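Comments concern the structure below.
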Amino acid sequence: MKKFVNDPKDFVPEMLKGIALANPDTLAYVPEFNLIMRKDAPREDKVTIIQGSGSGHEPAHVMTVGRGMLDGACPGDVFAAPPAHYVYETAKTLASPKGVLLLVNNYTGDKMAFEMAQELAEADGINVRTLFINDDVAVEDSTFTVGRRGVAGNFFVMKAVGAAAEAGADLDELVRIGQKVNSRTRTMGAALTACTPPAKGSPLFELGADEIEMGVGIHGEPGRRRAPLATANEIIDELLESVVRDLPFAAGDRVALMINGLGGTPVSELYVLYGRAHEQLAAREITVGRSYVGEYCTSLDMAGASVTLVQLDDEIEELLAAPAEIAARVF
Amino acid sequence: MKKFVNDPKDFVPEMLKGIALANPDTLAYVPEFNLIMRKDAPREDKVTIIQGSGSGHEPAHVMTVGRGMLDGACPGDVFAAPPAHYVYETAKTLASPKGVLLLVNNYTGDKMAFEMAQELAEADGINVRTLFINDDVAVEDSTFTVGRRGVAGNFFVMKAVGAAAEAGADLDELVRIGQKVNSRTRTMGAALTACTPPAKGSPLFELGADEIEMGVGIHGEPGRRRAPLATANEIIDELLESVVRDLPFAAGDRVALMINGLGGTPVSELYVLYGRAHEQLAAREITVGRSYVGEYCTSLDMAGASVTLVQLDDEIEELLAAPAEIAARVF
Amino acid sequence: MSTNSLARTEFIVRTIARTAVEKEQEFCDLDAVVGDGDFGYSLARGFEIVLQDWDSFERTDIGTFLQKVALVISARIGGTSGPIWGTAFLRAAGVAKGRQQLAAADAVGMLRAAIDGIKVRGGAEVGDKTLLDALVPVADALEQAAADGADGAAAVETAAKAARDAAEATSSLAARRGRASYSGDRSIGSPDAGAMAVAIMLEQINAGWPGH
Amino acid sequence: MSTNSLARTEFIVRTIARTAVEKEQEFCDLDAVVGDGDFGYSLARGFEIVLQDWDSFERTDIGTFLQKVALVISARIGGTSGPIWGTAFLRAAGVAKGRQQLAAADAVGMLRAAIDGIKVRGGAEVGDKTLLDALVPVADALEQAAADGADGAAAVETAAKAARDAAEATSSLAARRGRASYSGDRSIGSPDAGAMAVAIMLEQINAGWPGH
Ligand SMILES: Nc1ncnc2c1ncn2[C@@H]1O[C@H](COP(=O)(O)OP(=O)(O)O)[C@@H](O)[C@H]1O
Ligand SMILES: Nc1ncnc2c1ncn2[C@@H]1O[C@H](COP(=O)(O)OP(=O)(O)O)[C@@H](O)[C@H]1O
Ligand SMILES: [Mg+2]
Ligand SMILES: [Mg+2]
Ligand SMILES: [Mg+2]
Ligand SMILES: [Mg+2]
Numbered sequence: 001m002k003k004f005v006n007d008p009k010d011f012v013p014e015m016l017k018g019i020a021l022a023n024p025d026t027l028a029y030v031p032e033f034n035l036i037m038r039k040d041a042p043r044e045d046k047v048t049i050i051q052g053s054g055s056g057h058e059p060a061h062v063m064t065v066g067r068g069m070l071d072g073a074c075p076g077d078v079f080a081a082p083p084a085h086y087v088y089e090t091a092k093t094l095a096s097p098k099g100v101l102l103l104v105n106n107y108t109g110d111k112m113a114f115e116m117a118q119e120l121a122e123a124d125g126i127n128v129r130t131l132f133i134n135d136d137v138a139v140e141d142s143t144f145t146v147g148r149r150g151v152a153g154n155f156f157v158m159k160a161v162g163a164a165a166e167a168g169a170d171l172d173e174l175v176r177i178g179q180k181v182n183s184r185t186r187t188m189g190a191a192l193t194a195c196t197p198p199a200k201g202s203p204l205f206e207l208g209a210d211e212i213e214m215g216v217g218i219h220g221e222p223g224r225r226r227a228p229l230a231t232a233n234e235i236i237d238e239l240l241e242s243v244v245r246d247l248p249f250a251a252g253d254r255v256a257l258m259i260n261g262l263g264g265t266p267v268s269e270l271y272v273l274y275g276r277a278h279e280q281l282a283a284r285e286i287t288v289g290r291s292y293v294g295e296y297c298t299s300l301d302m303a304g305a306s307v308t309l310v311q312l313d314d315e316i317e318e319l320l321a322a323p324a325e326i327a328a329r330v331f
Numbered sequence: 001m002k003k004f005v006n007d008p009k010d011f012v013p014e015m016l017k018g019i020a021l022a023n024p025d026t027l028a029y030v031p032e033f034n035l036i037m038r039k040d041a042p043r044e045d046k047v048t049i050i051q052g053s054g055s056g057h058e059p060a061h062v063m064t065v066g067r068g069m070l071d072g073a074c075p076g077d078v079f080a081a082p083p084a085h086y087v088y089e090t091a092k093t094l095a096s097p098k099g100v101l102l103l104v105n106n107y108t109g110d111k112m113a114f115e116m117a118q119e120l121a122e123a124d125g126i127n128v129r130t131l132f133i134n135d136d137v138a139v140e141d142s143t144f145t146v147g148r149r150g151v152a153g154n155f156f157v158m159k160a161v162g163a164a165a166e167a168g169a170d171l172d173e174l175v176r177i178g179q180k181v182n183s184r185t186r187t188m189g190a191a192l193t194a195c196t197p198p199a200k201g202s203p204l205f206e207l208g209a210d211e212i213e214m215g216v217g218i219h220g221e222p223g224r225r226r227a228p229l230a231t232a233n234e235i236i237d238e239l240l241e242s243v244v245r246d247l248p249f250a251a252g253d254r255v256a257l258m259i260n261g262l263g264g265t266p267v268s269e270l271y272v273l274y275g276r277a278h279e280q281l282a283a284r285e286i287t288v289g290r291s292y293v294g295e296y297c298t299s300l301d302m303a304g305a306s307v308t309l310v311q312l313d314d315e316i317e318e319l320l321a322a323p324a325e326i327a328a329r330v331f
Numbered sequence: 001m002s003t004n005s006l007a008r009t010e011f012i013v014r015t016i017a018r019t020a021v022e023k024e025q026e027f028c029d030l031d032a033v034v035g036d037g038d039f040g041y042s043l044a045r046g047f048e049i050v051l052q053d054w055d056s057f058e059r060t061d062i063g064t065f066l067q068k069v070a071l072v073i074s075a076r077i078g079g080t081s082g083p084i085w086g087t088a089f090l091r092a093a094g095v096a097k098g099r100q101q102l103a104a105a106d107a108v109g110m111l112r113a114a115i116d117g118i119k120v121r122g123g124a125e126v127g128d129k130t131l132l133d134a135l136v137p138v139a140d141a142l143e144q145a146a147a148d149g150a151d152g153a154a155a156v157e158t159a160a161k162a163a164r165d166a167a168e169a170t171s172s173l174a175a176r177r178g179r180a181s182y183s184g185d186r187s188i189g190s191p192d193a194g195a196m197a198v199a200i201m202l203e204q205i206n207a208g209w210p211g212h
Numbered sequence: 001m002s003t004n005s006l007a008r009t010e011f012i013v014r015t016i017a018r019t020a021v022e023k024e025q026e027f028c029d030l031d032a033v034v035g036d037g038d039f040g041y042s043l044a045r046g047f048e049i050v051l052q053d054w055d056s057f058e059r060t061d062i063g064t065f066l067q068k069v070a071l072v073i074s075a076r077i078g079g080t081s082g083p084i085w086g087t088a089f090l091r092a093a094g095v096a097k098g099r100q101q102l103a104a105a106d107a108v109g110m111l112r113a114a115i116d117g118i119k120v121r122g123g124a125e126v127g128d129k130t131l132l133d134a135l136v137p138v139a140d141a142l143e144q145a146a147a148d149g150a151d152g153a154a155a156v157e158t159a160a161k162a163a164r165d166a167a168e169a170t171s172s173l174a175a176r177r178g179r180a181s182y183s184g185d186r187s188i189g190s191p192d193a194g195a196m197a198v199a200i201m202l203e204q205i206n207a208g209w210p211g212h
């Protein structure tokens, strides 16, 4: 395993410590429950927004804590939902009189942990609402599955409710906004390589030298199909087609377009994908109103990318354009 | 080769097109000489700042064009300095009455291309100054070598002169500031894996499963030594020791600390390195005034990282803290 | 008819905890086939704390003891396993509340309560390829043994065999819950990690059972 | 004594250009050993334009023709090779300015001027493990052949042999210029990519020389 890692058991706490040390003015770290929080949280005049999920998806979500986004993130270990107890303690620590909004990517473990935490927090008299994010079109929704996964599109939900909360919106309003953004957001990704969790020390799945996984999940879960290695254009065209068809997005739509790197793919390649996607949307008379190229929700060191579209309206576009100050910055 | 690439010859132009499409309000693309430029450049009241170098180091430098940083970047192909002609045409296109500052990482090809371009531009009556950046401590400077390489530390020179130029500083002043920042900046990196240039299609050098390269260059050039794979702490301690000793940095110093990812390393690992480096500096009574964790100057998909220290003074710290608006952003 | 004292409960819990810690790698490997390979890691991080804090758990009665264990599991195990195993222990603790001795029928009742808790928490049913597919046959075997008047040792031996057979039989199922469900039909051909863990834990309990 | 017409110059330039395009992969591989593997790619991107624009170059005299070629090289080749090869062609063009015919001595003079240009541009000397280590022996061999009164075919044959020997001898040198210099002593044991390219181009010129 070629990674910067000491004892794998310390990987997440060491990362969190690093985040706190790098952002001494704005962030605090509570080691007992893996919590990275805004120093000024909780605030009386603002709903508290918390997101958990497993680690290994950075910058999601520990590096998106800050003004205009999250008040706190309490991740579990790599690819493991946090213990319910962490979420409960986080909700207690950050409880605001305006309430607490829990953002949860729709996975079995996360769902259970956040539901348990909500029960416990409500028993303490805290006003808690939970919002599930499930933007991944690769998984067909049915009563026999656990439903669609939350992947890179969760960024847009976080950003929109974060901006609205900063502007004073109440808990009901945030739930409405979050549900609206989630319902208009669709994502699909492709893996070129498998990722290697530090504790495992070897790649999580096998992918041949000439194979890719279309529709991969952010924990390396299988997607729609194994496909032969193809050109950048062929891959992005297939991803985009799946995403566009799903909502569906149509001529006349104005969208946010995100090309998200899965961790091991350089940003140069992401811009190659972006250029093609932008042109393909233009050919369908879909206008790109906002562009996002980089790493938003990764899968450790996996080489690969996902494409996300959000159907914009004036309200969403304004919330996405609002300022935010988070650790994932370049200067 | 597992990459998002079409015809490798189109890799750089396709990336540049993507950058322009993603930033329609602020950036323009001139395909004839690989130029990404601010839409509002040149400006009469501001020295123009241009950087070239090979591609494959993104976000450096094409994604650092914007208010408060570069006016234009005209990269060559992957790991190849731009033809002198590109630099000359860029200088002509962006020439300001206040002059043109060329930032050059100290490599043979870049040096020659920028010197030729400067000669040609001066013949046209353009006021041009060139600044060489050479922050890499891995290479011993001697009359028998080409001197130290410019690596991730170039970010600080760009940022400082970019901020000063925005504030109206003249060309002499910018050269003074750039030289000062360069003289106080030191970097060293380590590679865990080799990188794969798209046109080559296979790793640029051989690195065993249990080997790392200490002091690697950003084009995969050999560094000081091949070393056995070690823990995150062991690697960062050795890099930091080399950097600290070189200037040397001493107790009482206030520094900027950058942990730069080389392209294939996830940001989670970079924060593990950051936390350790921060603590080690504290133990030496060196204070971290500004922190930088992420990708600033990469080597395609290479897994690895570099550590940079800048000895701050009030002037430098103020310039680094000034706002900038560039494509390498997350929202 | 055999009785279960606190000592016997302690033996069972300690065996489960030790197995989780010792078989960490094996459980991870089982989860890696169609899951994400962290099942062993997650379990071990919680059960190692159970062993570490072992002497500090309140032991006024069997229920209280199990509840303390359940709290550690909930607080320390992440992923799907934290809520699932935490709920299971909590529900079993509820049945044993205030009790110093348990009859064989009580043991069956505790297991049924744990199973119900898991179903409510995770929404899974038998046949969805989860640890339920091993736990339910174990409960059935223990119930049958109690009805047959078998002693503890014999009951545990039948239960362990039932768990092993049922866990291995999950190979033919397609996962419909948890992370493995995304693999759909690709999950057919390998057993469920959680069910296999249940089987291995029961085999360890059987192997260490006093009188074997 | 042989004379070099524009046609002969065209033959030499076209052979260099074709070799650069045809041997792109081989030149990259040579550069990959201790450099960054793009030497062939960089050369090919420029010389393919030379071939493409071939008919459009002004041919009023040999110097003008070479100058047009030099401009394409400077404009299209990146990396170290653009300035090095561009400067070399430009300096040779300067010597041939206004000339329709060139004597053997002129050819040597052009090569010496190119060599001087390379030295000024890149700061390298013979022994630094660059293409200079092949070019200087070629100039020496041509000068000797001219002094010996050899005809063009014979002169080119000796020059090609000298280039090959000298290029292969760079294996024993440590690089002190260019990207390979960072390898220090690790560069010993493999020849310089630029010097090998010079040798291969001269061999191609020799192979195609009229009268062979
Ligand atoms: N909904 C569910 N109900 C009960 N058990 C489940 C459920 N989903 C998964 N499991 C069990 O959990 C095991 C995986 O646990 P773990 O690795 O901790 O989960 P994950 O990594 O997916 O969060 C599976 O092998 C299965 O036995
Ligand atoms: N300073 C120099 N002067 C002359 N030739 C040089 C110099 N440095 C390198 N070279 C030649 O250039 C070749 C490499 O060219 P190229 O791959 O284009 O350079 P790079 O990739 O390092 O920019 C070397 O094999 C050597 O022959
Ligand atoms: Mg998991
Ligand atoms: Mg190069
Ligand atoms: Mg798992
Ligand atoms: Mg090269």
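Going line by line, the protein sequences match chains A, B, C and D. First residue of the first sequence? That's 1 in UniProt numbering, and the numbers climb one at a time after it. First residue of the second sequence? That's 1 in UniProt numbering, and the numbers climb one at a time after it. First residue of the third sequence? That's 1 in UniProt numbering, and the numbers climb one at a time after it. First residue of the fourth sequence? That's 1 in UniProt numbering, and the numbers climb one at a time after it. Ideal Cβ placement from N, Cα and C applies to all residues, glycine included. For clarity, every value in this text was computed on a predicted model and none was experimentally measured.
Nearest-angstrom Cβ-Cβ length linking residue i and residue j, presumed shorter than 8 Å
{"i": "residue 113 of chain D", "j": "residue 94 of chain D", "result": "6 Å"}
{"i": "residue 245 of chain A", "j": "residue 289 of chain A", "result": "About 20 Å separates the two Cβ atoms, so there is no contact after all."}
{"i": "residue 265 of chain B", "j": "residue 4 of chain A", "result": "7 Å"}
{"i": "residue 65 of chain A", "j": "residue 327 of chain A", "result": "7 Å"}
{"i": "residue 197 of chain B", "j": "residue 56 of chain B", "result": "7 Å"}
Beta-carbon proximity check, residue i vs residue j, cutoff 8 Å
{"i": "residue 40 of chain D", "j": "residue 180 of chain D", "result": "no"}
{"i": "residue 177 of chain A", "j": "residue 299 of chain A", "result": "no"}
{"i": "residue 42 of chain C", "j": "residue 81 of chain C", "result": "yes"}
{"i": "residue 198 of chain D", "j": "residue 135 of chain D", "result": "yes"}
{"i": "residue 311 of chain B", "j": "residue 247 of chain B", "result": "yes"}
{"i": "residue 114 of chain B", "j": "residue 296 of chain B", "result": "no"}
{"i": "residue 239 of chain A", "j": "residue 212 of chain A", "result": "no"}
{"i": "residue 163 of chain C", "j": "residue 126 of chain C", "result": "no"}
{"i": "residue 65 of chain C", "j": "residue 6 of chain C", "result": "yes"}
{"i": "residue 319 of chain A", "j": "residue 164 of chain A", "result": "yes"}
Residues that residue i contacts on chain B, provided the C-beta gap is smaller than 8 Å
{"i": "residue 200 of chain A", "result": "Within chain B, no residue comes near residue 200 of chain A; the closest Cβ sits about 15 Å away, beyond 8 Å."}
{"i": "residue 192 of chain A", "result": "2, 3 and 4"}
Partners in chain A for residue i, counting only beta-carbon separations shorter than 7 Å
{"i": "residue 75 of chain C", "result": "83 and 85"}
{"i": "residue 266 of chain B", "result": "58, 263, 298, 300 and 301"}
8 Å Cβ cut-off: residues of chain C touching residue i
{"i": "residue 76 of chain A", "result": "78 and 79"}
Under 7 Å (Cβ pairs) to chain C, residues found in the region 208–220 of chain A: Of all residues in the region 208–220 of chain A, 217, 219 and 220 have a Cβ within less than 7 Å of some Cβ in chain C.
Members of the region 176–197 of chain D near chain B, C-beta cut-off 8 Å: 176, 177, 178, 179, 181, 182, 183, 184 and 186
Contact list for the region 107–141 of chain D against chain B, Cβ threshold 7 Å: 121 and 122
Any beta strand (DSSP E) of 3 or more consecutive residues that is wholly inside the region 136–168 of chain D: Runs found: none.
Runs of alpha helix (DSSP H) wholly within the region 39–102 of chain A (minimum 4 residues, chain order): 84–94
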